[in-house]
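Single-structure report; data block below.
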Amino acid sequence: MELSFQSPLSMPKRQIRFRNLRNINPDTMTLDLQHLSSANFSSVNESVAYYNQSLNSLLDLHAPLKTRMVTFSRSAPWYTGELRRMKTAGRVLERRLKASGLTVHRLAYREYQKAYAQSLRDAWSQYYSSLINNSTGNSKQLFSTINHLLKPQSPVHSDSTEKQSWDNPASSLFHGHLSARG
Numbered sequence: 092m093e094l095s096f097q098s099p100l101s102m103p104k105r106q107i108r109f110r111n112l113r114n115i116n117p118d119t120m121t122l123d124l125q126h127l128s129s130a131n132f133s134s135v136n137e138s139v140a141y142y143n144q145s146l147n148s149l150l151d152l153h154a155p156l157k158t159r160m161v162t163f164s165r166s167a168p169w170y171t172g173e174l175r176r177m178k179t180a181g182r183v184l185e186r187r188l189k190a191s192g193l194t195v196h197r198l199a200y201r202e203y204q205k206a207y208a209q210s211l212r213d214a215w216s217q218y219y220s221s222l223i224n225n226s227t228g229n230s231k232q233l234f235s236t237i238n239h240l241l242k243p244q245s246p247v248h249s250d251s252t253e254k255q256s257w258d259n260p261a262s263s264l265f266h267g268h269l270s271a272r273g
């Protein structure tokens with residue numbers, strides 16, 4: 092008999108499909124494109140279908156479609172779609188800066204990052220303010236929210252040294268002394 096349990100801390104997995112377009116050799120791709128026949132077709136639809144099929148097969152040859160299982164972590168409840176779009180726009184500016192190295196792109200990226208950081212702080216503050224304001228009659232919910240805000244998050248995975256320090260108080264004292272020196 093086999094039982095399968097899923098940890099509540101495990102993240103959902105999804106299968107993604109992608110092509111590594113950066114590894115395409117432009118010279119060989121150009122040669123293959125030149126070998127496409129330019130036959131006379133009786134209709135535009137036939138020629139479009141032919142070129143779509145030919146280009147797809149060339150793309151499969153030079154950049155095959157790959158699949159991979161990836162884990163997506165859940166985002167914070169206050170992280171909105173607008174913040175996600177802002178982060179994407181910031182990545183575009185970052186790539187532009189890395190490609191050009193121009194001062195104007197550096198300044199634009201820096202200013203955008205400041206605005207994004209402020210938007211993150213505002214969204215976080217607004218979310219928790221509304222939680223606190225909405226739980227005025229429910230003291231259990233209010234204290235749970237306050238406790239969550241004030242108590243640091245515990246690590247999901249503990250390594251062996253942390254486990255040993257919990258088992259032996261003297262070991263905990265020794266590790267604390269070493270980390271204070273280092």
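Whatever position you read off the sequence shown (first residue = 1), add 91 for my numbering.
Just so it is clear, CB atoms sit at the ideal spot from N, CA and C, and this is done for glycine as well.
CB of residue 124 within 8 Å of CB of residue 154, strictly = Stepping through the sequence shown from its first residue, residue 124 is reached at position 33. Stepping through the sequence shown from its first residue, residue 154 is reached at position 63. Cβ atoms of residue 124 and residue 154: not closer than 8 Å.
Selection from 222, 231, 182 and 242 that minimises the alpha carbon distance to residue 169 = As a first step, residue 169 is located in the sequence shown; it is residue number 78 there, counting from the start. Nearest of 222, 231, 182 and 242 to residue 169, Cα basis: 222.
CB residue 214 to CB residue 171, shorter than 8 Å?
-> The sequence position of residue 214 within the sequence shown is 123, counting from 1. The sequence position of residue 171 within the sequence shown is 80, counting from 1. Residue 171 is positioned such that its CB atom lies closer than 8 Å to that of residue 214.
Please list the segments of the alpha helix (DSSP H) lying wholly inside the region 178 to 228, counting only runs of 4 or more residues, in order along the chain.
-> If we require 4 residues or more, the alpha helix (DSSP H) runs fully inside the region 178 to 228 come out as 194 to 225.
Strand pairing of residue 106, partner residues [DSSP] = As a working note, residue 106 is residue 15 in the sequence shown. Note: residue 106 sits in a beta bridge opposite 160.
Would you check if the distance between the CB atom of residue 127 and the CB atom of residue 145 is smaller than 8 Å?
-> As a working note, residue 127 is residue 36 in the sequence shown. As a working note, residue 145 is residue 54 in the sequence shown. A Cβ-Cβ contact shorter than 8 Å links residue 127 with residue 145.
Same chain, Cβ closer than 7 Å to residue 232, five either side skipped, listed in chain order | Walking along the sequence shown from the start, residue 232 turns up at place 141. Excluding positions up to five away in sequence, the list reads 226.
Quick one: using the 10 Å Cβ neighbour count with 16 as the cut-off for buried, is residue 142 buried or exposed?
-> As a working note, residue 142 is residue 51 in the sequence shown. Counting other Cβ atoms within 10 Å of its Cβ, residue 142 stays below 16 and is therefore classed as exposed.
So residue 140 is in the alpha helix (DSSP H); what residue range does that whole segment cover?
-> Numbered from 1 along the sequence shown, position 49 holds the residue referred to as residue 140. Per DSSP, residue 140 belongs to the alpha helix (DSSP H) from 135 to 153.
Within its chain, find whatever has a CB closer than 7 Å to the CB of residue 240; leave out the 5 residues flanking it on each side and keep chain order.
-> By one-based count along the sequence shown, residue 240 stands at place 149. Once the five neighbours on either side are set aside, the close Cβ partners of residue 240 are 219.
Could you have a look at residue 230 and say whether DSSP puts it in helix, strand or coil?
-> On the sequence shown, residue 230 is found 139 positions in, with the first residue counted as 1. DSSP places residue 230 in helix when its eight states are reduced to three.
Out of curiosity, what's the CA-to-CA distance linking residue 186 and residue 230?
-> Within the sequence shown, residue 186 is the residue found at index 95, counting from 1. Within the sequence shown, residue 230 is the residue found at index 139, counting from 1. Spanning the alpha carbons of residue 186 and residue 230 requires a straight line of approximately 48 Å.
Among residues of its own chain, excluding the 5 on either side of residue 197, which ones have a beta-carbon nearer than 6 Å to its beta-carbon?
-> On the sequence shown, position 106 is the one that residue 197 refers to. Within the same chain, residue 197 has close Cβ partners 188.
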